[in-house]
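Trainee: Counting in the numbering used here, the sequence shown runs from 93 upward without gaps. Just so it is clear, CB atoms sit at the ideal spot from N, CA and C, and this is done for glycine as well. Sharing a structure below in structure tokens format, with a few things to ask.
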Amino acid sequence: MTSRPLAAATVQLHEGYVPGTPQNAVATPIYQTSAYRFASLTEARELFALRATGNIYSRNGNPTQAVLERRIAALEGGVAAAAVASGQAATAVATLALAGRGGHIVASSSLYGGTVDLFDDTFRDLGIEVTFVDQDDIEAWRAAVRPSTRAFFAESVANPVAQVLDIPAVAEVAHAAGVPLVIDNTVGTPSLIRVKDHGADIVVHSATKFISGHGTSLGGLVVDLGTFDFAADPAKWPSLFEPHWRYGDVALWDAFGRSTAFTTLIKSRFVADLGPALSPFNAFQLLEGLETLDLRMARHTASALEVARFLDSHPTVKVVHHPGLESNPHHAAGARLYPKGVPSVFAFELAGANGETNEQAFSRAERLIERLEVVTLVANIGDARTLVCHPASMTHGHMTPAQLEAAGISWASLRLSVGLEDPTDLIDDLRAALDALV
Ligand SMILES: *Cc1c(COP(=O)(O)O)cnc(C)c1O
């Protein structure tokens with residue numbers, strides 16, 4: 093939009109929208125319309141054949157949504173983006189586009205619960221196999237590769253125990269295997285980490301979380317960073333390289349080129365056919381949130397470290413899983429990949445008597461939560477408010493004891509998503525509740 097490169101704080105306010113409607117609204121308008129009027133039948137024909145770009149119907153695209161797509165693509169350093177109805181839809185359409193034809197995915201075993209359900213249950217039914225590996229074990233990623241592997245998938249920082257992914261190391265193994273690395277950057281956000289700079293190829297977001305930031309609206313995004321060379325092995329990606337009747341018997345790659353073929357595959361097939369379109373109103377809400385992402389992430393990050401340090405000093409807390417603490421096993425990786433500070437979602441474990449049962453740990457967690465007055469019991473993250481949850485009985489409630497242990501979760505673990513309140517109020521609230529446990 094300008095002749096000079098702009099910083100993220102400027103991009104998040106301006107990219108993708110130039111006031112130009114007859115009303116000249118400075119804020120991006122909400123184009124709350126299901127469909128669009130064509131100037132002529134010829135124009136309609138060209139648009140339907142994807143030979144021209146423009147609006148047809150809001151499941152295929154919408155001007156409010158298009159601004160969001162351009163803005164997030166710019167912030168992640170990508171070439172194109174697709175906005176969808178939720179983070180879950182973003183993960184689903186991105187991985188279906190890569191591995192949908194009976195492909196195989198290698199994924200971290202530390203993933204958002206909804207992603208585990210999608211990969212381990214629904215994808216299995218669809219004939220897409222997923223191998224889960226310990227994300228810190230680089231040899232395990234390499235050993236899991238098969239001829240049918242079409243993607244690696246992991247989160248920039250997994251929750252609840254905030255494992256920092258060594259993105260460069262995993263990207264190297266993915267690229268040696270000839271597949272893209274897909275990163276769920278929901279917790280990291282482009283404000284704290286540009287995963288493209290570390291070797292990622294495709295980003296998915298639950299925009300519901302930090303991008304929205306207000307806890308009001310679901311949304312998801314897929315960003316093609318333009319780094320993966322699909323053309324190096326066209327036989328692996330028939331959806332991109334085989335001529336297709338839907339695109340006038342031309343291959344998507346030939347019709348759209350490297351920068352938009354993958355995003356067009358997602359939008360024109362998986363979003364159009366399966367239907368997880370983002371509403372124009374939610375696109376507007378996500379744009380509103382995005383305008384302050386940089387400011388908010390700085391506050392979230394700094395407050396979370398303060399809260400983590402306080403918890404670490406309290407006698408009723410056994411361990412705090414925050415990579416900003418020197419004692420954390422991911423401290424070095426966090427410092428290397430997150431120079432502005434690590435994200436604000438982390439877990440801590442209450443100290444209990446030896447041989448304590450799960451039921452005893454649960455009731456102690458319950459007593460703590462009952463006494464909290466500012467921190468709120470909610471199964472969400474990335475809200476402006478500080479949220480607490482008990483993973484073993486809530487978000488990770490369907491996991492087996494072995495899976496819980498592998499994920500580093502016990503019945504005494506609590507997850508925090510530190511919000512934008514004054515950190516002193518948060519610490520006072522937690523202190524009062526923790527002191528009462530002694
Ligand atoms: C919430 C979340 C999702 C799913 O997003 P929805 O918007 O709830 O569908 C995916 N990944 C991570 C890391 C999340 O926190």
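1) Under the three-state reduction of DSSP, which class applies to residue 501: helix, strand or coil?
2) Looking at ligand 1, does it come within less than 6 Å of residue 255, judged from the CB to the closest heavy atom?
3) Using a threshold of 6 Å, is the CB atom of residue 157 nearer than that to any non-hydrogen atom of ligand 1?
4) Say the cut is 6 Å; is the CB of residue 178 nearer than that to a heavy atom of ligand 1?
5) Within the chosen definition, does the segment 258–275 reach the segment 452–464 through at least 3 CB pairs nearer than 8 Å?
6) Could you tell me if the beta carbon of residue 310 falls within a distance shorter than 6 Å of some heavy atom in ligand 1?
7) For residue 206, verify whether its CB is less than 6 Å away from any heavy atom of ligand 1.
8) Are the beta-carbon atoms belonging to residue 302 and residue 433 less than 7 Å from one another?
9) Roughly how many angstroms lie between the CA atoms of residue 318 and residue 520, to the nearest whole one?
10) Beta strand (DSSP E) containing residue 238: first to last residue?
11) So, at 8 Å on beta carbons, what are the nonlocal neighbours of residue 454 in its own chain, with the 5 sequence-adjacent residues on each side left out?
12) Taking the alpha helix (DSSP H) that residue 312 falls in, what are its first and last residues?
13) Using a Cβ distance threshold of 8 Å, determine whether the segment 407–416 contacts the segment 223–237, with at least three qualifying pairs required.
14) Please report the residue range of the beta strand (DSSP E) in which residue 221 lies.
15) Give a single yes or no on whether residue 300 has its beta carbon closer than 6 Å to a heavy atom of ligand 1.
16) Should the segment 411–425 be called in touch with the segment 375–392, which here means at least 3 C-beta pairs below 8 Å?
17) Contact between the segment 184–200 and the segment 324–337 is defined here as three or more beta-carbon pairs at a separation below 8 Å; is this criterion met?
18) Consult DSSP for residue 256 and reduce its assignment to one of helix, strand or coil.
19) Give the straight-line distance between the Cα atoms of residue 211 and residue 368, rounded to the nearest whole angstrom.
20) Would the segment 429–445 count as touching the segment 382–400 if we require 3 or more Cβ pairs under 8 Å?
21) Of the choices 505, 120, 184, 205, whose alpha-carbon is the least far from that of residue 218?
22) Under a three-way DSSP split, which group does residue 176 fall into?
23) Reducing DSSP to helix, strand and coil, say where residue 441 ends up.
24) Under 6 Å Cβ to Cβ from residue 415, same chain only, skipping five residues before and after it: list those, please.
25) Output the boundary residues of the beta strand (DSSP E) element that contains residue 294.
26) With distance defined between alpha-carbon atoms, name the residue in 213, 260, 505 nearest to residue 413.
27) Please report the residue range of the alpha helix (DSSP H) in which residue 209 lies.
28) Any heavy atom of ligand 1 within a distance shorter than 6 Å of the CB on residue 475?
29) Using the Cα positions of residue 135 and residue 347, report the straight-line distance between them to the nearest angstrom.
30) Does the pairing of the segment 233–248 with the segment 276–288 give three or more beta-carbon distances under 8 Å?
31) To the nearest angstrom, how far is it from the Cα of residue 360 to the Cα of residue 352?
32) What do you reckon, are the CB atoms on residue 320 and residue 332 nearer than 7 Å?
33) Suppose the cutoff is 7 Å on Cβ atoms and the five residues either side in sequence are ignored; what does the same chain contact list for residue 236 look like?
34) Cα separation between residue 186 and residue 529?
35) Counting only the same chain and skipping the five closest in sequence on each side, list residues whose C-beta sits under 6 Å from that of residue 445.
36) Helix, strand or coil for residue 149, going by three-state DSSP, please let me know.
Mentor: With the structure as the only source:
1) coil
2) no
3) no
4) yes
5) no
6) yes
7) yes
8) no
9) 46 Å
10) Neither: residue 238 is in no beta strand (DSSP E) and is coded neither H nor E.
11) 482, 484, 485, 503
12) No alpha helix (DSSP H) holds residue 312; the beta strand (DSSP E) holding it covers 312–316.
13) no
14) 221–225
15) yes
16) no
17) yes
18) strand
19) 18 Å
20) yes
21) 184
22) strand
23) strand
24) 254, 256, 422, 423, 426, 434
25) 294–298
26) 505
27) 205–209
28) no
29) 18 Å
30) yes
31) 11 Å
32) no
33) 198, 223, 225
34) 45 Å
35) none
36) strand
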